Each structure stands twice: as structure tokens, then as C-alpha cells.
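Participant:
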């Protein structure tokens with residue numbers, strides 16, 4: 157029965173290959189591919205040889221992805237606010253001289269009428285849509301909020317509670 161790739165004995169050639177490829181600046185996964193070993197085996201060999209893998213490129217790439225995701229969320233927040241504003245403009249159209257264009261399907265086909273008010277069902281649907289956009293914007297903004305701010309608020313609240321308890325505690329006169 158043939159041994160799986162990860163069950164073969166580690167040889168001096170494996171150690172030499174890991175040392176040489178590491179010296180070339182290759183990462184763990186690339187070394188594993190080149191020598192036909194698992195990444196865990198390469199990690200164990202590197203540790204035995206006193207080698208470590210530089211993770212600065214990974215950290216930089218991760219930070220770049222985080223920044224990109226934050227920028228994308230900010231763009232989505234702006235789009236959500238824009239959509240909500242457009243919906244509010246439609247809701248308030250009845251206040252202007254143009255009125256509200258109500259479109260409905262009738263026996264004569266699709267008809268559009270200009271009204272001086274927004275029909276209740278349209279107002280409800282538009283209000284729900286605006287609320288959904290605003291709620292989504294708030295959720296996205298919360299993802300990028302300052303977590304330190306919440307911690308500071310919590311700490312200040314705890315301090316205030318402690319001071320209140322001290323102030324309300326009966327004074328110890330030291331007598332008897």
C-alpha cells in the first residue's frame with residue numbers, strides 16, 4: 157500500500173529543500189507545493205531548522221483589503237442615503253406644484269393621474285423603503301464605528317455608577 161503524501165518519512169533532502177527555498181524568500185505554501193509536502197510538514201521542518209516565515213506581506217495585504225472594504229461600505233452608505241433622499245422627495249411631491257403622479261392599472265390599461273396627495277398605500281411602501289435604506293446605512297456605519305468609543309462610554313458609565321454608590325452610602329462615623 158502506498159503512503160499518502162503527508163505520511164512519508166521526512167528526509168534530509170526535504171530539510172535541505174526547505175532551507176534552500178526559504179533562503180530564496182518563498183512562502184510556506186509555495187515551498188510545500190514545490191517539494192510535494194503538506195504545509196504543516198513544511199512548518200514543522202522550518203521550526204526544526206530555526207526558520208520562520210515573514211508575514212509582513214500578508215499583514216500589508218490584509219490591511220489593504222480592510223481599507224478597501226471600509227471604502228466600499230462608505231460608498232454603499234452614501235448610495236443608501238441618496239436612495240432614501242429620493243424616496244423622501246417622492247413622498248413630499250404632493251406639497252409641490254407638480255403634485256404626485258399616481259400610476260395604476262385599470263380596465264383601460266395603465267393610467268397615470270396627478271394627485272395633490274400621496275395615496276396611503278404608496279406612502280406606506282415608500283416609507284418602508286426609505287426606512288430600509290436608512291437602517292442598512294446605519295448598520296454599515298456601525299461596522300466602521302470606533303470600538304474604543306463604546307469602551308470609553310462603558311468605562312465612564314461604570315465610574316459614574318461607582319461614584320453614585322459612594323455618594324449614597326451611609327457615612328461610617330467610626331463609632332461603635
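Numbering (my numbering), first residue to last: 157 to 332.
For each residue, glycine too, the CB sits at the ideal point set by N, CA and C.
Since the structure is predicted, the reported quantities are computational estimates derived from the model, not experimental observations.
1. Could you check how far apart the C-beta atoms of residue 229 and residue 300 are, in whole angstroms? I think they sit under 8 Å.
2. Which residues share a DSSP beta bridge with residue 268?
3. Provide the residue span of the alpha helix (DSSP H) that contains residue 166, from first to last.
4. How big is the Cα-Cα spacing for residue 214 and residue 294?
5. Can you tell me where the alpha helix (DSSP H) holding residue 287 begins and where it ends?
6. Closer than 8 Å by C-beta to residue 267: which residues in its own chain qualify, once you throw out the five before and the five after it? Chain order, please.
7. Answer yes or no: the CB of residue 324 versus the heavy atoms of the ligand MG, is any distance below 7 Å?
8. Can you tell me the Cβ-Cβ gap for residue 205 and residue 190, rounded? I've got them flagged as a contact below 8 Å.
Facilitator: On the basis of the coordinates in this document:
1. Start at 1 with the first residue of the chain shown, and residue 229 comes out as number 73. Start at 1 with the first residue of the chain shown, and residue 300 comes out as number 144. Correct: roughly 6 Å between the Cβ atoms.
2. Residue mapping note: residue 268 aligns to position 112 of the chain shown, counting from 1. Note: residue 268 is bridge-paired with 259 in the DSSP secondary-structure output.
3. Counting from one through the chain shown, the residue named residue 166 turns up at place 10. It is not in any alpha helix (DSSP H) - residue 166 carries neither H nor E in the DSSP assignment.
4. As a working note, residue 214 is residue 58 in the chain shown. As a working note, residue 294 is residue 138 in the chain shown. Each residue's Cα considered, the two are about 31 Å apart.
5. The sequence position of residue 287 within the chain shown is 131, counting from 1. Residue 287 -> alpha helix (DSSP H) spans 276 to 299.
6. As a first step, residue 267 is located in the chain shown; it is residue number 111 there, counting from the start. Within the same chain, residue 267 has close Cβ partners 259, 260, 261.
7. With respect to the ligand MG, the structure shown offers nothing to examine, as it has no ligands at all.
8. Position 49 of the chain shown, counting from 1, holds the residue named residue 205. Position 34 of the chain shown, counting from 1, holds the residue named residue 190. Rounded, the Cβ-Cβ distance is 16 Å, inconsistent with contact.
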